[in-house]
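Student: Can you read through this structure? Questions will come right after.
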Amino acid sequence: MAVRQVLRMGHPTLLQVAQPVTEFNTAGLDALIEDMFDTMADYEGVGLAAPQIGESLRLVIFGFEHNERYPDVEPVPITVLINPEIEYIRSEQQAGWEGCLSVPGMRGLVPRHTHIRYRGFDQAGNAIDRSVKDFHARVVQHEVDHLDGILYPQRIEDMSQFGFIEELELRERGE
Ligand code: NI
710 MAVRQVLRMG HPTLLQVAQP VTEFNTAGLD ALIEDMFDTM ADYEGVGLAA
760 PQIGESLRLV IFGFEHNERY PDVEPVPITV LINPEIEYIR SEQQAGWEGC
810 LSVPGMRGLV PRHTHIRYRG FDQAGNAIDR SVKDFHARVV QHEVDHLDGI
860 LYPQRIEDMS QFGFIEELEL RERGE
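Letter by letter, the sequence shown follows residues 710 to 884 of our numbering.
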């Protein structure tokens, strides 16, 4: 049980395509997932991908009941998702603000699919199959991108909509 250091943008591990998890229900996997939850809580994130703590595996966690950073969104169930696959249910995309523990202090406006189906496994190897929308869909797309070496700034279409949180808040208030 430990809070691990989150790698920041620029670290080569964040650019790698992560490897599938091949064994479920192992002590090593459970310990890694526990570290991920400890780390996500400590950094007050809504999601974390294993590569962000230096483990290049296709494993993400996400979910929250209430989050200070995103006070207006519906809760997302606390989930361990391994070897995920995403299918886009609709072609529709919507721009929304995202942050990332690997890009601290910043926010960017990122287009994502609004409706997705995702499949994968939990740590015991049980199948997960959900069709979700909006913020839940956004979180999953963001986390699964990490497994393919993609950070959200690479998805921003208008770089004027990327910056430090404090500056963006001042701009929003017209100061
Ligand atoms: Ni992230």
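Note that CB positions come from ideal geometry on N, CA and C, so glycine has one too. In this text the structure is predicted, and so the values were computed from the model without any measurement.
Could you spell out where the alpha helix (DSSP H) holding A750 opens and where it closes?
Tutor: Numbered from its first residue, the sequence shown carries residue 750 at position 41. Element bounds for A750: A736 to D751.
Student: Can you tell which of F733, E753 and E764 has the C-alpha that lies nearest to the C-alpha of H855?
Tutor: Counting from 1 along the sequence shown, the entry for residue 855 is found at position 146. Nearest C-alpha to H855: E764.
Student: Rounded to whole angstroms, what is the Cα-Cα separation between N734 and A740?
Tutor: If you number the sequence shown from 1, residue 734 lands on position 25. If you number the sequence shown from 1, residue 740 lands on position 31. Taking the straight line joining both Cα atoms gives about 11 Å.
Student: Look at the Cβ atom of L723, then the Cβ atom of L716, and state whether they are nearer than 7 Å.
Tutor: By 1-based counting over the sequence shown, the position of residue 723 is 14. By 1-based counting over the sequence shown, the position of residue 716 is 7. Their beta carbons are under 7 Å apart, which means L723 touches L716 by this criterion.
Student: I'd like to know if the segment 840-856 and the segment 754-770 are in contact, where contact means that at least 3 CB-CB pairs between them fall below 8 Å.
Tutor: Because the criterion of three Cβ pairs below 8 Å is met, the segment 840-856 and the segment 754-770 touch.
Student: Alpha helix (DSSP H) containing Q850: first to last residue?
Tutor: Residue 850 sits at position 141 when you count from the first residue of the sequence shown. It spans D843 to L856 - the alpha helix (DSSP H) in which Q850 sits, taken as one unbroken run.
Student: Kindly confirm or deny that the segment 868-881 and the segment 823-840 touch, where touching means at least three C-beta pairs closer than 8 Å.
Tutor: Too few Cβ pairs lie closer than 8 Å, so no.
Student: Take the Cβ of A846 as the centre, count every other Cβ of all protein chains shown within 10 Å, and call the residue buried at 16 or more, exposed below.
Tutor: Translated into the one-based positions of the sequence shown, residue 846 becomes position 137. When all chains shown are included, A846 counts as buried.
Student: Taking only three categories from DSSP, how would you classify I665?
Tutor: Absent from the model: residue 665. The displayed extent of the chain is 710 to 884, so no value can be given.
Student: In chain order, what residues of the same chain have a beta carbon less than 7 Å from the beta carbon of V726, not counting five sequence neighbours either side?
Tutor: On the sequence shown, residue 726 is found 17 positions in, with the first residue counted as 1. Counting only Cβ-Cβ distances below 7 Å, and skipping sequence neighbours, we find D857 and G858.
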